[in-house]
Amino acid sequence: MHQEVKPVKHLLTLIVLCFWVIIPARAQDTKLNIVTTTTFIADVARSVGGDLVNVISLVPPDTDIHAFQPSPQDVALIAEADVVLSNGAGLESFLGGLVENVAVVELFDISNGIPVLAFGGHGHDEDEDPDDPHEAAYIGVLGEDAVCDADHEQHEEEEEEEAHDDDDHHGDCDPHFWTNPQNVMIWARNIAEIFAFTDRAYADTYRANAEAYVEQLEALDAEIEALLAGIPEENRVIVTNHEFLAYFAARYDFEIVGNVLPGLSTLAEPAPQDVAELITTIQEEGVRAIFVEISDTGRLAQAIAGDLPDVQVVTLYSDSLSSADGPAATYLDYMRYNAGLIAAALGG
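With the first letter of the sequence shown counted as 1, position 176 gets the number 176 in our numbering; the numbers rise by one all the way through.
Right, here's the structure in full:
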């Protein structure tokens, strides 16, 4: 009787051992399908997820996100995703209700915890320290006391209809968080927690990958700060084609004195009197460069600079990375490329 039970025990032990060997292997072979709204988020997600994730961005490289229109193929990608990651703060207004209507998983805004600048709020309030760019017109922290509306007109109507609590900060938020590497550090840690929640077997791996990437971002931040340190104070006034460098300016102590195009979108058209006022501002402030996006022709900026011999037009990457063979194929490359051009244009 004893001899008949013993093989069963051995068989049970073998089954248990196989279970513990096979299950992790299956989990590792079955990668998470991650869909992101932008190439920046996709790049950070790959750094955090490593070999455990497949990542694709809805907006392709070398694209103006403000002019992007989703395709039927994008609908299919969202429907098959395990996780959908977005920037938030109204940037993804181009999607409408696509994700909410199609995705079977929750849409995660990865920017929660980032201090938010009000659109056009690159100056300083009177009660703030004018020597501290970090205090420039922030309206609160996303996910806490800053509320960002994708539909600005609807927001204005709601403000007229009801009074809001004084503790809540509402307004038009600038969603271009990625131009400050310190914000992308928050992205990395948020993404790690999202992946850890979705794929708990590898939670420690995601968190370790995020911290390794944060170390790279800290080195990048210090590198850019050193690169830009030699720019004279009088040269630290800039004009952009549209509002996309405010977080960069706040982090590295620049002042944005104007934009060629009004609003957050590259699709806006300025009034003639606004162009005339901008030219006057450029002359009075001694602006040396107008920074435009590689995804935009910058035709109006070129026309303005054509009448101002001391002003050059510099083309930067703005709302997406470059293709894999371009100079801004990763977020780290993107920041180095842009910072290098800014330093060259303003360095004196």
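Think of the CB as a built atom: it goes at the ideal place given N, C-alpha and C, for glycine as much as any other residue.
Asked                                                                                                                  : Found
Residue from Ala249, Gly96, Leu107 and Ile65 with nearest C-alpha to alanine 374                                       : Shown here, the chain extends from 1 to 348; a query on residue 374 therefore has no answer.
Pick from Glu215, Val275 and Ile256 that is closest to asparagine 235, judged by C-alpha positions                     : Ile256
Assigned exposure category for glutamate 80 - 16 Cβ within 10 Å defines buried                                         : exposed
Assumed close pair proline 181, asparagine 87 - CB separation to whole angstroms, cut-off 8 Å                          : Actually they do not touch by this definition, with Cβ atoms about 15 Å apart.
Opposing strand residues paired with glutamine 312 [DSSP bridges]                                                      : Ala289
8 Å Cβ cutoff met for valine 260 and proline 270                                                                       : yes
Where alanine 118 falls: helix, strand or coil (DSSP)                                                                  : strand
Supposed close pair threonine 36, valine 55 - CB separation, criterion 8 Å                                             : 6 Å
For serine 320 and glutamine 69, the rounded distance between their alpha carbons                                      : 15 Å
Secondary structure of glutamate 255, DSSP reduced to three states                                                     : strand
Isoleucine 294 versus proline 309 - alpha carbon distance                                                              : 22 Å
Other residues of its chain near glutamate 285: CB distance less than 6 Å, five sequence neighbours each side excluded : Val237 and Val257
Alanine 146, DSSP secondary structure in three states                                                                  : strand
Beta-carbon proximity check, isoleucine 110 vs isoleucine 41, cutoff 8 Å                                               : yes
Identified DSSP bridge partners for serine 320                                                                         : None, per the DSSP bridge assignment.
For threonine 36, three-class secondary structure by DSSP                                                              : strand
As assigned by DSSP and simplified to three states, the class of phenylalanine 195                                     : helix
Assigned secondary structure, phenylalanine 108 (DSSP; H/G/I helix, E/B strand, else coil)                             : strand
Proximity winner among Thr30, Asp43 and Lys31, relative to alanine 324 (alpha-carbon distances)                        : Asp43
Where the alpha helix (DSSP H) through valine 338 begins and ends                                                      : The sequence given here places asparagine at residue 338; valine does not occur at that position. Asparagine 338 -> alpha helix (DSSP H) spans 331-346.
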